[in-house]
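In the UniProt record's numbering, the protein residues as written are 1 to 152.
This is the structure:
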């Protein structure tokens, strides 16, 4: 199931018609920046190539994905959610529908140009190796604990 209804406008249709898409997000892949069904995003069409730390909205099959660019390659992007440890390679400009232009937390606007937001982005991206090790170690410990409980 794609979450779209027959005859309903897709995000790309809204962007083409209105020039902006405003909606809530679903999922935890961009936590802590975006909270599941609580925060509102403003997405605008892209004007040219995107840069590292931009947050594009793109299509992966039938799903819409909003993740951060961590590397720009000549013909594609490497993208990763703020709460993810696996990077997605090979996302092309053709898949990208728009880019995060603004967001609202608890009905308060968050400026993507603010010093606080830029500091969050730099710190969160710099901590990626630590988060990756931590998440993998935590998952391995959880598997070992479940296995030990089954044997007991």
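Here a beta-carbon is modelled for each residue, glycine too, at the ideal position from N, C-alpha and C.
State the CB to CB distance for the pair residue 36 and residue 27, rounded to an integer number of angstroms; the pair is presumed to be in contact (CB under 8 Å).
As a working note, residue 36 is residue 36 in the chain shown. As a working note, residue 27 is residue 27 in the chain shown. Yes, they are in contact, since the Cβ atoms of residue 36 and residue 27 sit about 6 Å apart, within 8 Å.
For residue 17, name the three-state secondary structure that DSSP assigns.
The sequence position of residue 17 within the chain shown is 17, counting from 1. Residue 17 falls in the helix class under three-state DSSP.
Please tell me whether residue 82 and residue 134 are closer than 9 Å, where the distance is taken between their beta carbons.
Your numbering for residue 82 matches position 82 in the chain shown. Your numbering for residue 134 matches position 134 in the chain shown. Not in contact: residue 82 and residue 134 (Cβ atoms no closer than 9 Å).
Option nearest residue 74 by Cα separation, candidates 92, 127, 33
Position 74 of the chain shown, counted from the first residue, corresponds to residue 74. Ranking the options by Cα distance to residue 74, first place goes to 92.
Give every residue of the same chain whose Cβ lies closer than 6 Å to the Cβ of residue 104, excluding the five residues on either side of it in the sequence, and list them in chain order.
Translated into the one-based positions of the chain shown, residue 104 becomes position 104. Residues of the same chain with a CB within less than 6 Å of the CB of residue 104, apart from the 5 flanking positions on each side, are 40 in chain order.
In the region 69–98, which residue ranges form an unbroken beta strand (DSSP E) of at least 3 residues, counting only runs that do not cross its ends?
The qualifying runs are 77–80, 88–91.
Using only the alpha-carbon positions, how far apart do residue 118 and residue 112 sit?
Here residue 118 refers to the residue found at position 118 of the chain shown. Here residue 112 refers to the residue found at position 112 of the chain shown. Cα to Cα, the separation comes out at about 7 Å.
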